[in-house]
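First the structure, in the form of structure tokens, and then the observations on it.
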Amino acid sequence: MIASIFIAKLRKYQNGFALLSLLFLSAGLYTGLVVSPPDYYQGEVVRIMYIHVPFAEAAMAAYTVLFAGSLWYLWKREPVIDNMCHAAAGIGILFTSVALITGSIWAKPTWNTWWTWDPRLVSFAILLLILIGYLMLRSFLDDPEKEARYSAVLVIIGFVDLPIVHFSVEWWRTLHQPLSISTRGVSIASSMLYPLSFMSIGLYLLLAYLIMVRTQMLYLEHLLEAKQGRLLSEVHSS
Amino acid sequence: MNFFKVIRWMVWKDLVSEIRNRENISSMFFFAFAVILIFSFSFSMDARSSRELMPGIIWVAFGFTGIIGLGKSFLPEVQNDCMEYLQMAPVSKGAIYLGKFAGNVLFLLAVEIILFPLFILFFNLDVLDKLPMVLLIFLLATIGLSALGTLFSALTVQIRAREVMFPILLLPLAVPVFIGAVESTRGALNGDPLALYGHWLELLAIFDMIFMIVAFWLFEFILDE
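As given, the protein sequences belong to chains A and B, one line each in that order.
Just so you know, the first sequence maps onto residues 11 to 248 in this note's numbering.
Just so you know, the second sequence maps onto residues 172 to 396 in this note's numbering.
Set out below in structure tokens:
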């Protein structure tokens, strides 16, 4: 019964999330691309940041949802929570890829390289690999209950591992090569702060909306599968 | 049965079956031997570049060997339908994990110790006085690899495409082990003072502890039916 209440709640609120997200994203894009001035050092390239940073934040939020959902699933064994995890992982891959690609495009003119062994870059690459491994693991398991349980275990291991990856790369880098990159900006000007926070809020809302829609889709798919299975077994037994 | 007795029996059972058929250790050994041969063909090294590349070569070889060995560690249980019995056994699931894990550490460490003289032979290393430190690094890194590997082996053993999924899951998560192992091996082989690379040993030890605890706890959910 919890599942149907949960799904009904999602259906009730999803349009609100979509509308608000649309509002914030258009405000963010307008202030970011039109109103705000080009950066003193980076020029027009800085505008990629208004896409890149919010996507990276939202990708981490997606993994946090995935982690919390996995703990919840292992505790309560509620299939609809597993559907939510499945949804969050797929959308997490999308957001992580966008963050990595926009980061690369920004890094080329700014740092003059597509890729560098920066702790944040490596952690995001590992995050992407974990999420892809997660979906692959799911696709290879046939029993839905086992699929949910095993993939939840993987998510928890990955969540514990990511900070260690981050620290080990940080150590490794600081010992091996001088820091060629200083973190950007001393403090952020308010003309940059507005588009950044609008985009951030907008993408968090978009993330929530996408997870809500995808969760319902996966829930219905599983329901359909179960009903088809029941129909088939009825045909066979009669 | 009490906790430590379960661990002891698991290790003893794996050791006996390994001694009888010698499948796991010999396949790991000959695979790693082939890898070392390929490496010695691929790089023609003088003393200086050998110092640069050696730690990486050692840990690529050991990492792949570990994948071969660890990935199969639950396979005999599935082939003989023993998985169900392990699930039904009225003992702590964590003890089953620790038993399997201890067996894996023993096998992998044994292979590494047999292989290391081959590195000395092929790459002309001068290491005799540094052996204790190198062995300590091998032990710490092997514990870290096995802690993750044993859990993922149980996770992937019953699925299709087991051989592909195991390294895909293990390798990204084992990044800290590889960085720590390579850097500390480099320090040890160069004969640096411990203060210069000691923090990498700490990283390995911390990784080992965290993942032994997390995997010990999560293993219950894998064997749970």
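Glycine residues also receive a C-beta, built at the ideal position from the N, C-alpha and C atoms.
| Item | Value |
| --- | --- |
| Pairwise C-alpha distance: A:M222 and B:L289 | 57 Å |
| The stretch 257 to 276 of chain B contacting the stretch 321 to 338 of chain B, beta-carbon criterion three pairs below 8 Å | yes |
| Contiguous alpha helix (DSSP H) assignments of at least 4 residues, all confined to the stretch 57 to 103 of chain A | 58 to 86 |
| B:I350 classed as buried or exposed, judged by whether at least 16 other C-beta atoms fall within 10 angstroms | buried |
| Proximity test, Cβ basis, 8 Å: A:R183 and chain B | no |
| Residues that A:F77 contacts on chain B, provided the C-beta gap is smaller than 8 Å | Those do not exist, as A:F77 stays about 13 Å from chain B at its closest Cβ, beyond 8 Å. |
| Outcome for B:N195 when other beta-carbon atoms lying within 10 angstroms are tallied against a minimum of 16 | buried |
| Three-state class that DSSP yields for A:G53 in the structure shown | strand |
| Close Cβ partners of A:T41 (< 7 Å) along its chain, the five nearest in sequence each way excluded | Y204, P205 and F208 |
| Own chain partners of A:Q187 with C-beta closer than 6 Å, once the 5 adjacent residues on each side are dropped | With a pLDDT of 49 at A:Q187, under the threshold of 50, the modelled position of this residue cannot be trusted; read the value that follows with caution. Excluding positions up to five away in sequence, the list is empty. |
| Of the listed residues A:M202, A:I174 and A:E157, nearest to A:I91 (C-alpha basis) | A:E157 |
| Proximal chain B residues relative to A:I167, where beta-carbon distance stays under 8 Å | L319, L322, L344, F382, V385, A386 and L389 |
| Boundaries of the alpha helix (DSSP H) in which B:A366 is found, first to last residue | L365 to L394 |
| Option in A:A99, A:V175, A:S133 and A:K19 with minimal Cα separation from B:L374 | A:V175 |
| CB contact check: B:R331 to chain A, cutoff 8 Å | yes |
| Under 7 Å from the C-beta of A:M146: neighbouring residues of chain B | M336 and I339 |
| Beta carbon of A:F77 nearer than 8 Å to that of A:I136 | no |
| Buried versus exposed call for B:P226 [16 or more other C-beta atoms within 10 Å across all chains shown] | buried |
| Chain A contact for B:P347 (CB, 8 Å cutoff) | yes |
| is_contact[A:P188, chain B] using C-beta, thresh 8 Å | Because A:P188 sits at a pLDDT of 46, beneath the cut-off of 50, its placement in the model cannot be relied upon, and the following sentence gives the value as read from the coordinates. No, no contact with chain B. |
| Closer than 8 Å to chain A by CB, B:F245 | no |
| Cβ pair count under 8 Å reaching 3, the stretch 248 to 260 of chain B against the stretch 385 to 393 of chain B | no |
| Three CB pairs or more closer than 8 Å across the stretch 16 to 30 of chain A and the stretch 213 to 221 of chain A | yes |
| The ligand SAM heavy atom lying under 7 Å from the CB of A:P47 | As for the ligand SAM, it is missing from this structure, which has no ligand bound. |
| Interface residues of chain C facing A:I140 [CB-CB closer than 9 Å] | The question asks about chain C, but that chain is absent: this structure's protein chains are A and B. |
| 8 Å Cβ cutoff met for B:A332 and A:F150 | yes |
| CB-CB length for A:H322 against A:A109, believed under 8 Å | Past the edges of chain A, shown from 11 to 248, lies residue 322 of chain A, and the structure says nothing about it. |
| Any C-beta of chain B under 8 Å from that of A:L84 | yes |
| Test item: CB-CB of A:N93 and A:H232 under 8 Å | yes |
| Proximal residues to B:V298 (C-beta, below 7 Å), its chain only, five neighbours per side dropped | I291, V305 and L360 |
| Reference B:R357, options B:E248, B:F293, B:G237 and B:S220, closest by Cα | B:S220 |
| Chain B contact for A:S178 (CB, 8 Å cutoff) | yes |
| Rounded C-alpha distance that separates B:L296 from B:L341 | 30 Å |
| Where B:G237 sits in the DSSP three-state scheme | helix |
| Limits of the alpha helix (DSSP H) - the one that A:I17 falls within | I12 to Y40 |
| Given 8 Å, three or more beta-carbon pairs between the stretch 365 to 384 of chain B and the stretch 234 to 247 of chain B | no |
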